[in-house]
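In my numbering, the protein residues as written are -16 to 17. Glycine residues also receive a C-beta, built at the ideal position from the N, C-alpha and C atoms. Values in this document were obtained by computation on a predicted structure and should not be read as measured data.
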């Protein structure tokens, strides 16, 4: 069942990357608008 664990870790990692990316974009837009 190690494949499942690897997939789960990969999904979590990608989610964190996307959250960080959109968080940076949101902060940038917020600074431009204010």
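Whole-angstrom distance between residue j and residue i, CA atom to CA atom
i: residue -6; j: residue -12; result: 10 Å
i: residue -9; j: residue 10; result: 28 Å
i: residue 1; j: residue 14; result: 20 Å
i: residue -3; j: residue 4; result: 10 Å
i: residue 16; j: residue -15; result: 46 Å
Continuous alpha helix (DSSP H) stretch holding residue i: start and end
i: residue 1; result: -15 to 16
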